[in-house]
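In numbering that gives the first Met the number 0, the protein residues as written are 0 to 424. Don't be surprised by glycine CBs; every beta carbon is placed ideally from N, CA and C.
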Amino acid sequence: MNDTLLLVLYSVCLGASSFFSGSETALTTLSDAAVFRLKEKNHPQAARLERLRGHLPQTISTLLIGNNLVNIAAGSIGTVLAIEALGEKWGVVTATVATTLILLIFGEVTPKTLAARNSERVACLAAPVIELLVVLFSPLARLLSGIAGVLLRPFGGSASGPADVTEEDVKSLISLSHDQGQLASEEKDILHAVLAFGDSPVVDAMVPRAKMVLLPADATFEKVEAIGRVWRYSRLPVYRETPDDIVGILHVKDLFDVTDEEEKSFDVSRHLRPAIFIPEQKRSGDLFREMRRRRFHMAVVVDELGAVSGLVTLEDLVEQILGDIDDEHDEEADSPVIDGASILIEGSYPVASLERDLGLSLDEPEMETVAGFLLKRFGRIPRTGARTWLGDTEFVVERASPRAIERIRITKKARSPEEPEAEKA
């Protein structure tokens, strides 16, 4: 055969080897997210790529069959050319070494490296040819895929295609993107919160019963007005005899049209809307979808015995993802207030936030609030002015009711030897 023709065939085989190697790498490194993005852009190759990746074992088998065929052909042609040029003794050795190096560089390493860096572009360019080859090699490729599946079965594997992306994979990808500087810390936290949101129970988001603002069913119009001015809530649960007997929800805006004459004979029950009751075990994600579908913004959370546990609003659910959302009526009492060398906090201030902000270690993992920490330390509800020490940090109860610690002053200073670690509450 003419040497020029052999060189042309050798070059064609080498080019085909590069195509098969690069295409294999491009298809295996191309993510499902990239294919989905191409579909959204109506890319002409998106549907073809989805089909090829949907039958990835058969596609890879086709590419491997083609790659091996052209590599064998290239080796054979190279051997013929080398023998004609150098004789049989040195031709075989030279052809083996040269063809191996050439195929490694131009048929494997270079095309695979380029394809890995440009997987989306290479996959789109190669997709039409690959799909045609899959049809041509279909019988042999299916046979090889079946054999591979049988061989993999004892090891718990399969040749059924790309593995499903798990939630843990997504979390790892989010953290990796943050570490590489592609996501800000706030964006990372929001994305992690979105993933956790669906499975978290509503009790994690609800306002506990002790903090609920309720209206008695016999409340006068003046009382409703007074509570509305103080709390600025747009919706208020109404109970008949006890807080466990909630009979409906009052929307404050429904009272805007009440006339002076109607105020005199005001009956709050005439203005109530039905209350929605949900169990403590309900997941936040399910409740969020239900609220959007049924168009309600508040639900009463009950335990397994039907007793009221708390209240959850649409805003509470959103805050699980985005963090606290302050509106124009929210007070900032929960935020630390600097007062000279001291800070003032509400009793409900989280222990974790205090430890982070002041560098303290309260060593009370079961206590969520600073008030809870002090209640355990005092052993009872302390009076206003009671104080206790933790190392060089003084805690003073600035305000307390008969049922709760409401405000606390925290000061870092040296404790004199005559001062007790904790006063009697």
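Contacting residues, own chain, Cβ-Cβ under 6 Å from residue i (five flanking each side not counted)
i      : result
Leu213 : Pro236, Tyr238, Pro242
Arg408 : Ser341, Leu343, Val395, Glu397
Leu26  : Ala122
Thr24  : Lys111, Ala114, Ala115
Pro207 : Gly309
heavy atom of the ligand FMN below 7 Å from residue i C-beta
i      : result
Val395 : In the structure on display, the ligand FMN does not appear, and there are no ligands present to speak of.
Where residue i falls, given that 16 or more other Cβ within 10 Å makes a residue buried
i      : result
Thr58  : buried
Arg402 : exposed
Phe394 : buried
Asn1   : exposed
Ser268 : exposed
Val7   : exposed
Pro56  : buried
Asp256 : exposed
Ser400 : exposed
Phe276 : exposed
Ala432 : Nothing about residue 432 can be read from this structure; the chain reaches only from 0 to 424.
Asn70  : buried
Gly384 : exposed
Leu190 : buried
Ala45  : buried
Leu102 : buried
Thr387 : buried
Ala332 : Here the model assigns Ala332 a pLDDT of 46, short of 50, so the residue's position is not dependable and the matter cannot be decided.
Gln319 : buried
Leu100 : exposed
Ala430 : Residue numbering for the chain in the displayed model covers 0 to 424; residue 430 lies beyond these limits and cannot be assessed.
Leu139 : exposed
Ser22  : buried
Chain B contact for residue i (CB, 8 Å cutoff)
i      : result
Arg294 : Here chain B cannot be found, since the structure has a single protein chain.
Same chain, Cβ closer than 8 Å to residue i, five either side skipped, listed in chain order
i      : result
Ser17  : Phe105, Gly106, Thr109, Pro110
Tyr9   : Ala73, Ile76, Gly77, Leu80
Leu4   : none
Asp391 : Lys411, Lys412, Ala413, Arg414
Glu49  : Val34, Lys38
Ile82  : Gly90, Val91, Ala94
C-alpha distance - residue i paired with residue j, whole-angstrom precision
i      : j      : result
Gly227 : Val301 : 25 Å
Leu29  : Glu119 : 6 Å
Ile245 : Leu271 : 11 Å
Pro431 : Ile248 : One cannot answer for residue 431 here, as it falls past the ends of the chain, which runs 0 to 424.
Arg428 : Ile129 : Examination of residue 428 is not possible in this model, given that the chain is present from 0 through 424 alone.
Arg379 : Leu359 : 23 Å
Leu313 : Met290 : 7 Å
Gly148 : Leu142 : 10 Å
Phe287 : Leu316 : 7 Å
Leu425 : Ser176 : Not covered by the structure: residue 425. The range shown for the chain is 0 to 424.
Arg294 : His250 : 14 Å
Ala115 : Leu124 : 14 Å
Glu303 : Arg282 : 15 Å
Arg382 : Ile404 : 8 Å
Tyr232 : Glu224 : 11 Å
Lys187 : Leu150 : 41 Å
Lys222 : Leu389 : 44 Å
Gly197 : Gly284 : 4 Å
Lys88  : Thr95  : 12 Å
Arg234 : Ala32  : 42 Å
Ser171 : Phe136 : 38 Å
Arg36  : Gly180 : 22 Å
Leu85  : Ile146 : 42 Å
Met205 : Ala306 : 15 Å
Bridge partner(s) assigned by DSSP for residue i
i      : result
Leu271 : Leu249
Thr241 : Looking at the DSSP assignment, Thr241 forms no beta bridge with any residue, so it has no partner.
Ala126 : BP columns for Ala126 are empty, so no partner.
Lys411 : Thr392
Thr312 : Met297
Ser16  : Per DSSP, none; premise fails for Ser16.
Ser347 : Answer by DSSP bridge pairing: none, since Ser347 is not bridged.
Ile173 : Answer is none; Ile173 lacks a bridge partner.
Ser75  : Looking at the DSSP assignment, Ser75 forms no beta bridge with any residue, so it has no partner.
Ile431 : This structure does not reach residue 431, given that the chain is present from 0 up to 424, and the question cannot be answered.
Proximal residues to residue i (C-beta, below 7 Å), its chain only, five neighbours per side dropped
i      : result
Arg406 : Leu343, Glu345, Gly346, Glu397, Arg398
Ser20  : Asn66, Gly106, Glu107, Pro110, Lys111
Ala216 : Val237, Tyr238, Arg239, Val246, Val267, Ser268
Leu132 : Thr61, Gly65
Ser280 : Looking at the sequence shown, residue 280 is not Ser but Gln. Cβ within range, chain order: Pro200.
Val169 : Leu194
Val350 : Leu361, Glu363, Met366, Glu367, Thr368, Val369, Phe372
Leu455 : Only positions 0 to 424 of the chain appear in the structure, and residue 455 is not among them; the question remains open.
Complete runs of the beta strand (DSSP E) confined to the region 349-402 [at least 3 residues]:
386-389, 392-399
Jot down the residue ranges of each uninterrupted alpha helix (DSSP H) in the region 176-241, minimum 4 residues, whole runs only, in chain order.
184-196, 220-230
Taking only runs that begin and end inside the region 132-156, name each unbroken beta strand (DSSP E) of 3 or more residues, in chain order.
none
At which residue ranges does the region 256-308 contain complete beta strand (DSSP E) runs of 3 or more residues, listed in the order of the chain?
276-278, 297-301
Pick out the complete alpha helix (DSSP H) segments inside the region 40-69, 4 residues or longer, and give them in chain order.
45-53
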